[in-house]
Every structure is written in C-alpha cells, then in structure tokens.
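Student: Here it is: the structure, laid out below.
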Amino acid sequence: MKITESNSMKFLVGTLVSALVTYAIGLYGNLPWWSFAISNFIIAILITQTPFKSFLSGALGVGLTWLTLAMIIDQQNHHLLSGKVATILPLNGSYVALIAITAFVGFLIGGLSALAGSYVRKTA
Amino acid sequence: MRILPFIASTLATVGLISVLNIQLKTGKTLTPKLGYFLSPQQGFWKNAEKVGASFDANIVAKDLKGNVDVYMDDRLVPHIYADNDEDAYFVQGYLHAKFRLWQMDFQTRVASGRLSEIAGADKLTIDRFFRRLGMVYGAEQTEKYINENNPVMKATVDAYTAGVNAYLKQLSPEEIPFEYKLMNYQPEEWSPKKTYLFLMFMSYDLTGRAAAADLQLTNTRDFLGYDLFDKLYTNQQDSLDPIIPKGTSFAEASIKPTKPVGADLAYLKKKETTDEAQNISSSPEAPDKNNGSNNWAVAGSKTKSGRPILCSDPHLGLNLPSLWYEVQITTPTHSTYGASFPGSPAVIIGFNDSLAWGVTNAGRDVLDYYDLKFKDSTQKEYWFNGSWQATTNRQEVIKVKDSADVVENIAMTHWGPAMFDAHYQNEQSMGRNLAVKWTGHNASTGVETFYKLNRAKNYDDYIGAINLWKCPGQNFVFASKTGDIAIKQQGSFVARWDRQGDFIMPGEDSSYDWQGFIPNEENPMIKNPERGFVSSANQKSVDSTYPYYLGTASSFPLYRGISVNKHLATMNQITAEDMQGLQTNNYNVFAEVARPALNKFIDINALSSDAQKMVKEMNNWDLYNHENSKGITIFKLIWDSVENAVWGDELAGAKVKLTKPEAYVLVDQMNKDSNFIVADDIRTKNKVETLKEQVNLGVEHATKKLLELEKENKITWASFKATSVNHLTKIPALSRLNLPIGGGVNIINATTENHGPSWRMVVHLTDEIEAYGLYPGGQSGNPGSPYYDTFVDYWAAGKYYRLLFLPKAKLIANERTKWHIQFKNA
C-alpha cells in the first residue's frame, strides 16, 4: 500500500476529528456513554478512507482520548480509586491494567463503529 | 456500499456495545455496565478526585432565606455559619448529600426494605424482615405526628430535605457517587420520611436485638425447662457496678406492674412442642450484641483544671462511609459542634458554648412478641379477650430488580403487626403466629431531643431536651462549663413485672399487655454525685432495689462498666489527655477474674507439654489486650474452649441454635462451686465429669488451635482479631482490613472484628472549649477521595484530633481553615 501525503493527512484529520468529537459529546452526561460510536460512524462516512485506515483512525481517536483522560485523572488522583477498582474487577490491583482496559474498550468500539461507517460509501 | 462487511461490522459494534451496556453475571454478583463504568467521562473515573483540589464554591439556592458561609478545615469538617436556623439545616442537608449521598440512600433503603429493588431477589429475606417488623409503619407514625403537632421540627426536617434535594438537582449524571455506578442504579429525591426511616434504623440497631433474642430465649427455655434455664441464664449479676451507684435509694414506683395469675405455669414454665415450620426465611443478622458504648463525665473536683471533662464513645458497626459526619453549626440562636448522622439534621453527640453531652445504649427491653390465634388461614380474625377480633391488612409492596413485585400482607392486631405467620417464618419462630409490639412503632419527635441539646444552656435545658426522648432508650451523660455533671437513662420504658417479655407472651387476652410506661421522673438518674464522676457502659443502670424490671441480664454487658468505674475512682488531677488514655484503655477486667478461676481447675501436670507452655504464657500475660499481645489470644481461646466444653452438651441436640449463657455465669460458678452440676457431660452416660476435667479438656483443645495460629503467624492479638472497617456493601477493596489495634469485648477500647468505638470524643469544659475527637472513617464517602478514610490509621493508633470550635472571625483566621463555600439565596 502506498501512502500518499493526502492519505496520511486524511488519516490524521480523521483521527483528530474523532478524538475531538468523542471528547465533546462525552461532556454531555445525559447522552449514553457509547454516543461516540455514532459520531465515529458518521465521521467515517464523511472522511473516506480504506476500511482498515477508518478502523484505525476511529480506534485511535477514541482509544487515545480515553487513554489520555484516564491517565490524567489517575495521575491527579494518586491512583486512589483505580487501585480499588482494579481489585474489584479483578485486575490484581493494577491501575496500569485498568487504564489499558479502559483505553482498549474505547479503541475497539471506536474502531468498529468507524469500520461500519467506512463501508457505507466504499465500493469494492 | 458493501453490504456484507457493513452488516458484519455494524453487528459487531452494536453487539459489543450491548454486552458492555448490561450487567453481566459473575457468580452471585453482577458486574457494573462495563462500558459505562470504564468511560472516563461518565464512569468511575469521574469519581477519582484530584488530590489537593479546592473545595471553594459559590452556590445559589433560592430556598434559602439568608446567606450561609461554610468554612472547611483541613480535615474537611464544615463549619456552618448561617443567618438563621432553617438555613443552617438546609446547608447541613446539602453537605451531607454532597459528601455522603449514596450512604444516606442505602441506609434508608435497608431500613425500609427496599434492597431487592437495587440488588435483586437475593435481598428479599432482609426486605421482608424489615417490612414485617414494621419499620415503614413506625416511620409513618412519626411523620404523621410531627406534621400535625410539631411545626418547628417539621420546618427543621423540611429545610434539611430541601438542602439534600437542592444538591441532587444540580448533580449531573456523570457526577453521581461511585456506588451507584458500580451497582447500576440512580439516586432519588430525599423526603422527610427518609429521615424518619433512618432514625427507625437506629432504633432497630439499638433495641432490635430482642427481635431475635426473645425467640432464642424462648426456644432455649423450652429446651432446657425453666428451672435449669433460670440457673444458667440468671438475672443475678453479683459483681454488677451499676450506672447509678449501689445504695442509691429510689422513689416508690408509681406503676406497680402485676404478673398475671397463673403466669408461673402458663408463661414461664411453658413447655410445648411446636411443629416444624414451613417457608423458613433467613433473617438479617441480629444487631450486634456489643452495640453499646462508653460515656462518662468527671467533675471539676477530679480534674487538673477544676472544670469537668466529658467523654463519649458510641460502639457501633465500623463502616465506610462512617455513620458519623463531623460538623459545626453556628446561627444567631446557638453554636454547636459534634458528630451528625448523614440522613438527619442537627448534631447527635457533641457540645455547644455551654455544655457537652454523649450517649450510650440503655439496653432495656422495649420489644415483645405475642402469640396469636387466628381464626383461619385468611388471618382476618384473631382471638382476643374472649371473642374474635378483626385484623386490618397492611400491604407492603417490595419491588424486585428484574423480577415481579412481592406483596407482603401483614395482619395488624391490637399488639402490632403479625410479623410471623403462615407466610413468614424464620429459623427460630417455630411455626408460631407472632405479633410484635415495639416502642419503635410509636410516633416520636426523635430529632427534637438533639435539636434542643444543641441549644441547651444548662442542666434544666438538658433534662428538658432528653425527657422528650423515647426510642432507643439511651444513657445521656452531661457536663457544663458551670461545673454540673449528670447522667440519666431516658426513653419510653415499659413498666415490667419480673421476666415480663423475656419470652414470647400469650396474646389471647390483655393480661400480658404492657401496664404502662415508667414516668420520666422515675427513670434512673444522678446529678453531681459525691464520687465526682458519672459513667455508663451499657451495664444494668440500677441494682435490684429499683422497683421495675429492666429486661434479661444478657442484654447488659457487665465488665466494661466495672473497668470504667474502677479507673475513674482512682484517677485525680485528670487532664483531657488522661481521658483519651482511658477511652483507648485495653485492660481486661474480665480476664482478671476469669484467669484465676481457670487456674483453680487447671491441672498443669496432667497437660501435654504444648498446653503447659500455653498456660504458662497465659499466666505471664499482663492482662492488657494490646495489639501485639499473645497472652490475650491464648486466654481467649482457652476460655472459649472451656465454655464450649461446659455448655456444649447442655445445648446440643436442640433443633435450633440456642443462646449460650453469659460468661459471668461460668466464672461465678467456678469461683464459688467446684461441683457445678452442669459440668457433667450428659453425653457420657456412665461418668460424671468434673469441672476440672472439662477445663483441662478445653485447654488441650485450645492448644491445638493455638499451635495452628502460631504457624500461620496469627497469634498476636491484632492479627488474630483482624479488625476491619467495612464498606457498607462489604466489598473488601473499599474497606480497611487488618488494622493494628488492640481492645475487644469487655475492654473499654471495645474494638472487635468490625465493631467498636465509632466516634471518640473528649470535651474539656474550659472557657474556650478544648475538645478532641475522631471516627474511623473520613468526611468524604467517596472511595475515590483522599478524604475517604483519612482518620482510620490515627484512630487505630489511639490518637485524637483537636476539634476546631470557633466563632466565625476566629475560624476564618485559623491556619487550619482551608476552603470557603458560599451559599446565597440569589
């Protein structure tokens, strides 16, 4: 696969838009927690990329947003709550594992929803 | 559009979201909705508070009449300065909600039998128990009474409620407390009824043990026969050191309760076989027998400063979030500081500008069962005073998560609700139809006592305030800056004849009914006694010259009171620090009596070498339950084994679990009568065991366990006892486990496995009050807050915080004052 400049630009823009929109709609606590799946789906329709790139850009958009948020919160909280939750869940009390799982959930749903969107416009 | 990949990826997305959007079953518990729970913008991460964050805020609340300034100190204790009383309670409600919302909601759910609604059918047995006991019924009586008769209390509780709801209204969905997210349900509006339900729960916690004990005692008596029962469960406590010193003379009783004719046979000696019960439902664990407390006050004559010192440490279940929340409330009418209940307005245990007060549980029996005869299975009529009387039906609808509603139809009788009937039985009810009569069902102004204590200026105000108190009966200790000290046992106490209500009573006519309540003036009390101190530790309040029956002796722990009084009697030139030392004192006065009694019967040469070693170590023990002590662990295990060896056979063979006799019964017997009849193991037919044999058997048995403990490194007292402060859900990760703390049953520092001094307070009544205190928890109920368990380690170490109780200008200037929350009405 040959990566052209416009393609990598698209990828970057797609990822950034996904991240920004994910963060923005997440500020509305009344909306369901999975609202970003819908925005990612739409973004993937509007910013056409290969299914693989759409997936990756949607996955990274949400995954990195969640990763960053969780890491900042956890750092400021001195791992007080993550340590407890990582014992309940059970992750052996590892806040690193808890942050990783948090990011992975965002990554996976973000990616799949973008993938679905990418197939709306894409012809074989 | 590529249909197939589109469908596949859409399905995968929707499927994954769906799975992460439901509660999954893992064993007996449900996970949270994982996607929601993990979302950093909505889930638990939102509850992870920034360490060092400011609590400064400006809050506009249109329900306020004036403005309120709240200053938070470095321990996150709010100091509320309000223009008027109602505003102060509004803000107290707001702050309780801000820091303890989930706990307030959860505790009232337990009280009102609404756990199944959030946790599913597993909790039905607990819900049914509380519904049938009449918890909601009692709260309704109080609500109705206050609404109709007490405008000041109504306004107080209404203002508090409005404060809680003002917080709820501005609470955004992602900010709801952690536990709601974990258990997947939503906060709901507060109401005055919930405050009354919470107070009902305290009534249950402190008087509801009779709901289990009366059944157990009845079954124990039926099994043993009354004569043996009366010997083993004697109400005679030879070493009693009562709250009101022995020799105090009491006024003649104005009510002379008379035992019904024929009660000796029909009631006391009753021996009947009952059918095996059907539909047995397990009851919640009965309130802890050690729900008690210490309180005392020493007069200026015994202190270094010449001013009284008052101490109070209520012993209750140790939980996170704590039952207590510290607060200062200052308005133009009064200024007070102390521990408050999230769920109720006012300060419950504390002090004000003029005086201090504290409470311990009275332990008096105020709950009885009456045996009912229903005409038929419809339960529409029951036999009473010679004819069939109609019951009324009370319906309680229990909502159950993921399941249909359960409806409890409760027959209401002259006595009260028919708690046990054909539809509801527990392990101890033995198929009987039982109505429950309880002072907790009666309307009470409850919180008014504390409202008035918060404002009391002198002894007369104190008496006026506490005389309103009905249930649960308490020992209210008092000390004032002017030098008065006093203690009074106050509550609605039934004027009982001897042993009335210890067992299930016949309910077919009114002859076994309560014959009246003891007038307030006849309740035990003492003011400024010559010995220079007053105290209580849940022991019997009076000796046998008091003209009313208090209830079965097993409700009154004996030894802690002896220990408190013994120490106070010898102490002089007392300082606040000395009093802290006494509250955390670990001396074991029971072992002081029981160890020599054991030694009387231990035949050291007949023991194995391991057992000899253990006995030696026990005898070298200094009698203090310190955290690192091994001697106490050895003593406890030996004592327990000996008790089991002695009582085991008497109680074996019963269909249901019977009550073990009190420890003092065995100690007294060992000290005076070595041919104690009960020592004989009736299971060995051809042999009469002597107490000596039983004791040595017990020692050998204990030694086996002790050797195991030694191997596991669990023989030191703290590691054996493993004190924990449990989260209300009992989730270990949210609890504090294995705390390094001594103490125990019979010890002034009454810390057991998860029970003990839930708030320690020492108040020196100098001109500017010098007060110390803390509870094993933290001001924030949020497990994600640095203030969640702030005080636990300090508490375990027996240390205290100096409490900041200052007028506004001085508090603002104090270096420990950190934040300012401003409440404005516009």
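Quick mapping for you: the protein sequence lines, in order, are chains A and B.
So for the first sequence, the numbering used here puts the first residue at 1; every next one is plus one.
So for the second sequence, the numbering used here puts the first residue at 1001; every next one is plus one.
Every residue gets a Cβ at the ideal spot worked out from N, C-alpha and C, and that includes glycine.
(1) Measure from the C-beta of A124/A to each C-beta in chain B and report whether the shortest distance is under 8 angstroms.
(2) At which residues does the alpha helix (DSSP H) containing T1220/B begin and terminate?
(3) Relative to chain B, which residues along the segment 80-91 of chain A have a C-beta separation below 9 angstroms, given in chain order?
(4) Nearest by alpha-carbon distance to S1354/B: which of I1526/B, G1631/B, S1480/B is it?
(5) Under 8 angstroms, Cβ to Cβ, is there at least one residue of chain B near L69/A?
(6) For the segment 1042-1075 of chain B, list every residue whose C-beta sits within 9 angstroms of some C-beta in chain A, in sequence order.
(7) Hey, quick one: how far does the beta strand (DSSP E) through S1535/B stretch, first residue to last?
(8) Look at the alpha carbon of Y1094/B and the alpha carbon of T1161/B, and state the distance between them as a whole number of angstroms.
(9) Is there a C-beta anywhere in chain B that falls below 8 angstroms from the one on T102/A?
(10) For Q76/A, which residues in chain B fall below 7 angstroms Cβ to Cβ?
(11) Once DSSP output is grouped into helix, strand and coil, what is the label at E1408/B?
(12) Would you list the residues sitting across from Y1369/B in a DSSP beta bridge?
(13) Helix, strand or coil for K1600/B, going by three-state DSSP, please let me know.
(14) Can you give the Cα-Cα distance for T1378/B and N1409/B, rounded to whole angstroms?
(15) Exposed or buried, what is P1807/B when buried is set at 16 or more other beta-carbons lying within 10 Å of its beta-carbon?
(16) Might you give, ordered along the chain, the residues of its own chain that have their beta carbon closer than 8 angstroms to the beta carbon of D1622/B, omitting 5 neighbours on each side?
(17) With a Cβ-Cβ cutoff of 8 angstroms, do V1477/B and I1244/B count as a contact?
(18) Sorted by chain position, which residues of the same chain lie with C-beta nearer than 7 angstroms to R1816/B's C-beta, five sequence neighbours on each side aside?
(19) Going by DSSP in three states, S1009/B sits in which element: helix, strand or coil?
(20) Taking only runs of the beta strand (DSSP E) that begin and end inside the segment 1499-1562 of chain B, which ones reach a length of at least 3 residues, in chain order?
(21) Under 8 angstroms, Cβ to Cβ, is there at least one residue of chain A near I1017/B?
(22) What residue range does the beta strand (DSSP E) around T1029/B cover?
(23) If I'm right that L1550/B touches K1566/B with Cβ under 8 angstroms, what's the distance once you round it to whole angstroms?
(24) Are the segment 1291-1306 of chain B and the segment 1530-1537 of chain B in contact at 8 angstroms, needing three or more beta carbon pairs?
(25) Hey, which unbroken runs of the beta strand (DSSP E) at 3 residues or more fall wholly within the segment 1324-1372 of chain B?
(26) Is it right to say I1003/B is buried, meaning 16 or more other beta carbons lie within 10 angstroms of its own, or is it exposed?
(27) Given that a residue counts as buried once 16 or more other Cβ atoms are within 10 Å of its Cβ, and exposed if not, what is D1056/B?
(28) When you check each C-beta in the segment 1158-1178 of chain B against every C-beta of chain A, which residues fall closer than 7 angstroms?
(29) Which stretch, first to last residue, makes up the alpha helix (DSSP H) that contains S113/A?
(30) Tell me whether the beta-carbon of L1365/B lies closer than 8 angstroms to the beta-carbon of S1555/B.
(31) Can you check whether the CB of V1327/B is closer than 8 angstroms to the CB of S1340/B?
(32) Taking S57/A as the query, report the chain B residues whose CB atoms sit under 8 angstroms from its CB, ordered along the chain.
(33) Taking the runs of the alpha helix (DSSP H) that are 4 residues or longer, which of them lie wholly in the segment 1626-1654 of chain B?
(34) Expressed to the nearest angstrom, what Euclidean distance is found between the alpha-carbon atoms of A124/A and T50/A?
(35) What residues match up with S1480/B in a beta bridge as DSSP calls it?
(36) Give me whichever residues DSSP pairs with K1488/B in a beta bridge.
Tutor: Reading it off the structure:
(1) Residue placement at A124/A cannot be trusted, given a pLDDT of 44 that sits under 50; the coordinates are not used to answer.
(2) Unbroken alpha helix (DSSP H) run through T1220/B: 1210-1224.
(3) Against chain B - using a Cβ distance shorter than 9 angstroms - the residues of the segment 80-91 of chain A are L80, L81, S82, G83, K84, V85, A86, T87, I88, L89, P90.
(4) Ranking the options by Cα distance to S1354/B, first place goes to S1480/B.
(5) Taking Cβ atoms only, chain B reaches closer than 8 angstroms to L69/A, which makes this a yes.
(6) Only Q1042, G1043, F1044, W1045, K1046, N1047, A1048, E1049, K1050, V1051, G1052, A1053 from the segment 1042-1075 of chain B bring a Cβ to less than 9 angstroms from some Cβ of chain A.
(7) 1533-1536 is the span of the beta strand (DSSP E), which, as asked, contains S1535/B.
(8) Rounded to the nearest angstrom, the two C-alpha atoms are 8 angstroms apart.
(9) Interface residue, yes.
(10) Those within 7 angstroms of Q76/A in chain B are K1050, V1051.
(11) In the structure shown, E1408/B sits in a strand (DSSP, three-state: E or B).
(12) DSSP lists V1436/B as the bridge partner or partners of Y1369/B.
(13) Collapsing the DSSP output to three states places K1600/B in a helix.
(14) The alpha-carbon separation between T1378/B and N1409/B amounts to approximately 10 angstroms.
(15) The residue is exposed, with fewer than 16 neighbouring Cβ atoms inside 10 Å.
(16) Answer for D1622/B: S1629, G1631, listed in chain order.
(17) Taking 8 angstroms as the Cβ cut-off, V1477/B and I1244/B do not qualify as a contacting pair.
(18) D1073, D1074, L1804, listed in sequence order.
(19) Taken through DSSP and simplified to helix, strand or coil, S1009/B comes out as helix.
(20) Listed in chain order, the beta strand (DSSP E) elements of length 3 or more contained wholly in the segment 1499-1562 of chain B are 1525-1527, 1533-1536.
(21) At least one C-beta of chain A is nearer than 8 angstroms to the C-beta of I1017/B.
(22) Residues 1029-1033.
(23) The Cβ separation is near 22 angstroms, so there is no contact.
(24) In short, these stretches touch, since the Cβ pair count reaches three.
(25) Within the segment 1324-1372 of chain B, the runs of beta strand (DSSP E) that reach at least 3 residues and sit entirely inside it are, in chain order, 1325-1331, 1334-1340, 1349-1352, 1355-1361, 1367-1371.
(26) Burial is judged here by how many other beta carbons sit within 10 angstroms of a residue's own beta carbon; I1003/B has fewer than 16 and is exposed.
(27) D1056/B should be labelled exposed.
(28) Answer in chain order: S1172, P1173, E1174.
(29) Counted as a single uninterrupted DSSP element, the alpha helix (DSSP H) harbouring S113/A occupies residues 95-121.
(30) Looking at the sequence shown, residue 1365/B is not Leu but Asp. The Cβ atoms of D1365/B and S1555/B sit closer than 8 angstroms to each other.
(31) Closer than 8 angstroms, so yes.
(32) Simply none; closest approach about 14 angstroms.
(33) Listed in chain order, they are 1631-1651.
(34) For A124/A, the pLDDT reaches just 44, beneath the cut-off of 50, and the residue's location in the model is therefore unreliable, leaving the point undetermined.
(35) In DSSP, S1480/B forms a bridge with L1355/B.
(36) DSSP links K1488/B through a beta bridge to F1476/B, M1525/B.
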